[in-house]
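Report on the structure given below.
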Amino acid sequence: MIILKGYWLQQNVGVNMFKLSDDCYVNVNEKCVYSDGKKIHISLMEMNLLNFLIAHEGEVLDKQRIISNLWPNEDDCHIDCDNLFQLIHRVRKILLICGFSDSLITVRNRGYKLILKEEDDKEEKILQADDEQEDFTE
707 MIILKGYWLQ
717 QNVGVNMFKL
727 SDDCYVNVNE
737 KCVYSDGKKI
747 HISLMEMNLL
757 NFLIAHEGEV
767 LDKQRIISNL
777 WPNEDDCHID
787 CDNLFQLIHR
797 VRKILLICGF
807 SDSLITVRNR
817 GYKLILKEED
827 DKEEKILQAD
837 DEQEDFTE
């Protein structure tokens, strides 16, 4: 077992898994995310970006560093910047499904930063929503 920035990477019998939360696991071999018992398939590039962001969680990563890591043989920055923007969008959707809203932050004129902080318990959210509805009815 290897510890990576507070998350574990299980390496046994050829299986590599990251535990992001109690309900969310990333299986590197299968290129999928398990969230609340659901299996979500992700592309190789989404997996590579997710791994890179997790390895550097809390750091501001400039676009060029991410691009050179994901597309080491590409020279055309314009194409790679467009690809990166789309890839970031897709990874944000995956993180949202796993319960991490606003965890992949755009740092203006600098790059991106991953902060994995689970959302509050679902039951608390329901109570908050009920409280907000009561405010409207009064």
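Take the sequence shown: its letters are residues 707 to 844, numbered as in the numbering used here. Don't be surprised by glycine CBs; every beta carbon is placed ideally from N, CA and C.
Going by DSSP in three states, I746 sits in which element: helix, strand or coil?
strand
Our contact map puts V732 next to L755 with C-beta atoms below 8 angstroms; I'd like the distance itself, whole angstroms only.
With a Cβ gap of about 12 angstroms, V732 and L755 do not count as contacting.
Classify S741: buried if its beta carbon has 16 or more other beta carbons within 10 angstroms, exposed otherwise.
buried
Taking only the alpha-carbon atoms, compute the straight-line gap between L776 and S807 and give it to the nearest angstrom.
24 angstroms
May I ask which residues mark the beginning and end of the beta strand (DSSP E) holding S741?
C738 to S741
Return the chain-ordered list of same chain residues with a C-beta closer than 8 angstroms to the C-beta of E840, the five sequence neighbours on each side being excluded.
Unreliable positioning characterises E840 in this predicted model, as indicated by a pLDDT of 45, which lies under 50. A coordinate reading is not provided.
Under three-state DSSP, which class holds N789?
helix
Considering Cα atoms alone, identify which of D786, R798, I746 and C804 is closest to S774.
D786
With distances taken from CA atoms, which of V739, D729, N735 and N722 is nearest K799?
V739
Sorted by chain position, which residues of the same chain lie with C-beta nearer than 8 angstroms to L750's C-beta, five sequence neighbours on each side aside?
K737
Taking a contact to mean a Cβ-Cβ separation below 8 angstroms, would you say K823 touches E765 in this structure?
no
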